[in-house]
């Protein structure tokens, strides 16, 4: 069943954060409440920059790992190829 999302957030310091979730709305709310990640907690508010959806759990975590290894400029070019929300 493919119901996982990989998302990119744009933080207040213009950095990007990548994560995986099954519920994008709830996860974004938790990030902005400061309860989802130490990284984003220090860079509030965050906004959803892009989402890649309809992935299996395995696909989602592999994509997240790949993105987190990228330099920032490559993450930005990846954003351009994703569907924006």
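In my numbering, the protein residues as written are 806 to 890. For each residue, glycine too, the CB sits at the ideal point set by N, CA and C.
Mapping the DSSP letters down to three states, classify residue i as helix, strand or coil.
i: residue 837; result: helix
i: residue 868; result: helix
i: residue 847; result: coil
i: residue 890; result: For residue 890, the predicted structure reports a pLDDT of 43, less than 50, and the residue's modelled location is therefore unreliable. A value from the coordinates is still provided. Coil.
i: residue 879; result: helix
i: residue 873; result: helix
Go ahead and label residue i buried or exposed: buried means 16 or more other beta carbons lie within 10 angstroms of its beta carbon, across all protein chains shown.
i: residue 845; result: buried
i: residue 777; result: Since the first and last residues shown for the chain are 806 and 890, residue 777 lies out of range.
i: residue 870; result: exposed
i: residue 814; result: buried
i: residue 849; result: exposed
i: residue 841; result: buried
Run through the DSSP bridge pairs and tell me what residue i is partnered with.
i: residue 826; result: 810
i: residue 855; result: 813
i: residue 860; result: 809
i: residue 821; result: 815
Does the beta-carbon of residue i, which I'm using as the reference point, lie nearer than 7 Å to any heavy atom of the ligand ADP?
i: residue 866; result: As for the ligand ADP, it is missing from this structure, which has no ligand bound.
Quick test of the definition: if touching needs 3 or more C-beta pairs under 8 Å, does the segment 877–888 touch the segment 852–868? yes
Between the segment 861–868 and the segment 832–840, do at least 3 Cβ pairs fall closer than 8 Å? no
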